[in-house]
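Just add 1446 to the spot in the sequence shown (first one is 1) and you have the numbering used here.
Below you'll find the structure, written out as structure tokens, and then a few comments.
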Amino acid sequence: MSWLAQPWFDSTALWTVTRWYMPLSRAWAAAGVAEGSLERFRAELPAERIHPAARLGLARALERTAQLKRGLTDAEARWEEQFFASRPASPSALFNAERMRRRASHAHMLSRSGFALLRLGAGFPPVRYEIPAPAEALPELRPLIADPEAAYAPPDPLPSIEVTQRIEHQTSSEYWLRFRSGRGLAWAHVREPKGVSNPPSLIHVHGLGVEFESLDGIEDDVDPIVGMGVRLIRLEALWHNRRREPGRFGGEPFLSRQPLSGIELFVAVAREAAVLAAWCRSTSRGRVAIGGTSMGALSTQIAASRAAGWPAEMRPDVLWLVTTSDDIGNLAFQSSLAKAAGLPRALTGAGWTPQAVSALNPLGVTEAPPVMAPEDIVVVLGRRDDVTPYHRGAAMVARWGVPESNLFHRELGHFSVPLGLLGDRGPLTRLVERLHGARP
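Below you can see the structure in the form of structure tokens.
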């Protein structure tokens, strides 16, 4: 899909995401808890007016979504039976369990399309906002604001990590990790190159609403790094994939409960990255990178700036950022994606102003530089990015002193930059060079 890495793609992608994908996802999420009931669906998705034509096929779409969700639940249960079995499962059993899970999940994700007529004939927002008022949110966050280092401290003791059985491919092994995090389970998908002694590792966090773990046959911009001798650990961020909340689509809570939800996700990613970094150190002597794209970049750069006080085995050596910015709290008002999704209006309606959000800066602004040396930070930015504004990201990495050899500026926007990486190995090659470098 690298051919889509053109400047024209970004405005089209933003319109498609906020005018179609997110509204369809909102209806799909409501259908997920309606279990085929039209009455429960209407309670979950209040619509201003539904044109009679938009009702055509709605009952069928609800039943189809419920059926596919049941199929996914069954496939996931069989998957867990195989991959977490106490006795070794056969290679074919593991392979088939993963294929069935992927196919069931992919079909369930695509059942969004059944609500296209409803989207055309009914008015409803792309996100179900439940913004807490400042008077409600600030007292809850005040202890964290007073001690950000404690808020971002790794869990003590570290949770035990469950490791699945492996699918063996010709050049790599594939397996999953899970561990307790907060009130639920964190998941990570690992792909490890064969024939590499003590491989370095990249702990990668995806962007908002990006759920490749739930889709079949989708290539990620960092996938090639496994063939370059690096172990890839893809963390499923809070509220995505297996961690979705009932009645919410992937990543929706990150928008719907701002600004609390933003802090909650950033803290979760930091703590989970620390856990995974310690696991990496226990299984390899190679260097460890953390990083991601968009939301994944924002959250891992905060983790890197908070890691100075972490135990040595949890501190990352390298940072990988694709499409990022600073002044993260202000993105809720200024990001083109936030505007198109109606977030500034929802925040204002709940009593938030940019000044009120700035009270959370101790938790959401990367004032301290990352823990690693500037030469171990690799950054890819798009000059036309207005989702995570380019000028702020460029100014931030300049303050950090990142060398020009580690900066990749592209004449692209927020959505086209990651696509461009599918056909541009330069940034990944630089990351791999730093990962294979000697630790200080």
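Beta carbons: idealized from backbone N, C-alpha and C, even for Gly.
Note that this is a predicted model, so its numbers are computed, not measured.
Beta-carbon contacts of residue i that lie in its chain and below 7 Å, excluding the five residues immediately before and after
i: L1701; result: V1573, A1787, L1789
i: G1797; result: A1579, P1580
i: S1800; result: Contrary to the premise, residue 1800 reads as Pro rather than Ser in this sequence. Correct list, in chain order: N1776, F1779.
i: Q1452; result: S1862
i: E1718; result: S1627, A1632, L1681
i: W1756; result: P1600, A1720
Nearest candidate by alpha-carbon position, reference residue i, set the options
i: S1471; options: A1723, T1769, G1655; result: G1655
i: Y1575; options: A1819, P1537, R1694; result: R1694
i: D1456; options: S1728, T1770, S1782, R1690; result: S1782
i: T1729; options: T1769, V1609, E1879, M1674; result: V1609
i: G1560; options: D1662, Y1467, G1673; result: Y1467
i: A1489; options: A1499, A1500, A1473, P1498; result: A1473
i: G1482; options: E1620, S1751, T1511, P1492; result: T1511
i: D1870; options: H1635, V1668, D1520, L1584; result: V1668
i: G1663; options: V1642, R1549, L1678; result: R1549
i: L1868; options: S1536, K1640, P1670; result: P1670
i: N1644; options: T1794, G1675, A1735, E1813; result: G1675
i: S1606; options: E1595, A1716, W1725; result: W1725
i: G1630; options: A1714, D1773, V1833, A1754; result: A1714
Proximity below 8 Å, CB of residue i to CB of residue j
i: L1853; j: V1843; result: yes
i: Q1747; j: P1835; result: no
i: W1622; j: F1529; result: yes
i: I1496; j: A1568; result: yes
i: A1553; j: L1508; result: no
i: L1563; j: L1502; result: yes
i: E1857; j: R1830; result: yes
i: L1711; j: S1745; result: yes
i: G1795; j: W1766; result: no
i: F1570; j: P1498; result: no
i: P1808; j: W1846; result: no
8 Å CB neighbourhood of residue i in its chain, flanking five on each side removed
i: R1885; result: With a pLDDT of 47 at R1885, under the threshold of 50, the modelled position of this residue cannot be trusted, and the question is left open.
i: T1462; result: none
i: P1849; result: P1820, E1821
Endpoints, the alpha helix (DSSP H) within which residue i is located
i: S1702; result: 1698-1702
i: V1573; result: V1573 -> no alpha helix (DSSP H), and no H or E assigned at all.
i: A1634; result: From DSSP, A1634 is part of no alpha helix (DSSP H) but of the beta strand (DSSP E) over 1630-1639.
i: W1454; result: 1454-1462
Cβ-based neighbour list, residue i, same chain, cut-off 6 Å, excluding 5 preceding and 5 following
i: G1883; result: none
i: W1633; result: R1624, E1682, R1688
i: S1660; result: S1551, M1555, N1687
i: V1887; result: Past the boundaries of the shown model lies residue 1887; the chain is included only from 1447 to 1886, so the question cannot be answered.
i: L1514; result: A1553, H1554, S1557
i: E1657; result: H1686, N1687, G1696
i: R1880; result: V1764, D1822
Check: residue i C-beta below 7 Å from any heavy atom of the ligand ADP
i: S1730; result: Summarising the ligand content, the structure contains no ligands, and the ligand ADP is consequently not present.
Residue range of the unbroken beta strand (DSSP E) whose run includes residue i
i: E1620; result: 1618-1627
Problem set entry | contact_flag[the segment 1639-1649, the segment 1702-1714] where n(CB pairs < 8 Å) is 3 or more | no
Problem set entry | Touching by the beta-carbon criterion (3+ pairs, under 8 Å), the segment 1540-1553 and the segment 1754-1766 | no
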